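Report on the following structure.
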Amino acid sequence: MHAAHRETFLFENLSIQTGGRISLALDDLQRKFLDDRRGGYCFEHNTLFAAALRDLGFTPITQLGRVRRGPPERWCRTHMVLRIPIGPGGNDVWMADVGFGSIGLIEPMPLRDGATSDQGGFEYALRREGHLWILSMRDAASTMDLYEFSEDPQTPWDVEVANHFTSTHPDSVFRRTLTIQRTGRDERVVLRNDVITRYRDGRTIDEPLERDRLHAAARDLFGIMLPDGPFVFDSYVAGV
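Numbering-wise, the numbering used here comes out as the position in the sequence shown, counting from 1, plus 1314.
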């Protein structure tokens, strides 16, 4: 189910880039993902996935994490993951995350210190440091920490606040970058502004993209029709 979600729905931020509001209401998410055949980012993906899990009798627990990108003093809780107790007494706990984009998990992982999983050319590892869980990824070139999260309780308003900041703050990467990402077991393809990145067999290939090819690339690689624009990221590129 986790892998099917990852391979079916795009990771993208077109709503943010066209000045739209990101709603986490289930009706809005179902319309966007199922009816409009769109995608979204972590809060949208994992909110929708959690609802599907609840319909199947699971009890997913929402956690917020810090993406380990840039200097540590700028890390903040702007990523959503799920913790899922299963089995008798709920003692067998797994983590699920269908919303970290192309380099994220394809399948869930046991929430256990030292757990590892080979998925789509990457090796993922979980480790415990104090009260924090840290997910790292190793490819053919290097190892990097992706994000950290704790088991601190989160309320729906915690998620709404994080979603609002991530989708509206001028320093948010989702304001500064137009991205569309597709994940498959054999290849992961990413569009970020003017670069197409392909991940295959743990290796990374970057291809520069001329602006006049942006709409064609979105259509041909991801099956999505971009509006004419302008996009929010254009103002950052122009230095406005």
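Where is the CB? At the ideal position from N, CA and C, for every residue including glycine. Please read these numbers as outputs of a predicted model, since none were measured by experiment.
Contact check for R1489 against V1546 passes: the beta carbons are separated by less than 8 Å. By the 16-neighbour rule on beta-carbons within 10 angstroms, T1392 is buried. Shown here, H1359 sits in a helix according to DSSP, grouped into three states. Within the model, the alpha-carbon separation for T1457 versus D1534 is close to 31 Å. With a contact defined as Cβ atoms closer than 8 Å, S1416 and T1497 qualify at about 5 Å.
In terms of Cβ geometry, I1519 and R1527 do not form a close pair [threshold 8 Å].
Residue range P1470 to T1482 is occupied by the alpha helix (DSSP H) that includes S1481, with no beta strand (DSSP E) assigned at that position. Taking the Cα of F1463 as reference, the smallest distance to any Cα among A1318, M1539 and D1411 is reached at D1411. Between F1414 and F1325, the alpha-carbon positions lie close to 8 Å from each other.
Judged by DSSP in its simplified three-state form, T1373 adopts coil rather than helix or strand.
Here the alpha carbon of E1358 sits roughly 8 Å from the alpha carbon of S1337.
L1449 has its alpha-carbon roughly 9 Å from the corresponding atom of R1442. With respect to the 8 Å criterion, L1425 and W1408 are classified as neighbours on the basis of their beta carbons.
Looking at the backbone, the Cα of V1509 and that of L1523 are separated by about 5 Å. Annotated three-state conformation of I1400 is strand, per DSSP.
Apart from the 5 residues on each side of it in sequence, L1460 sits with its Cβ closer than 6 Å to the Cβ of L1449 and M1451 in its chain, given in chain order. For the 8 Å CB-CB criterion, G1435 and R1320 do not form a contact. The beta-bridge partner set that DSSP reports for D1526 is empty. Just so you know, the alpha carbons of Q1468 and C1356 end up roughly 15 Å apart. Residue pairing for S1431: DSSP places it in a beta bridge opposite Y1438. For T1322, the enclosing alpha helix (DSSP H) starts and ends at H1316 to T1322. Distance between G1334 and H1478, taken at the CA atoms: about 12 Å. By the Cβ neighbour-count rule, W1447 is buried, with 16 or more other Cβ atoms within 10 Å of its own.
As a beta-bridge residue in DSSP terms, E1443 pairs with L1446.
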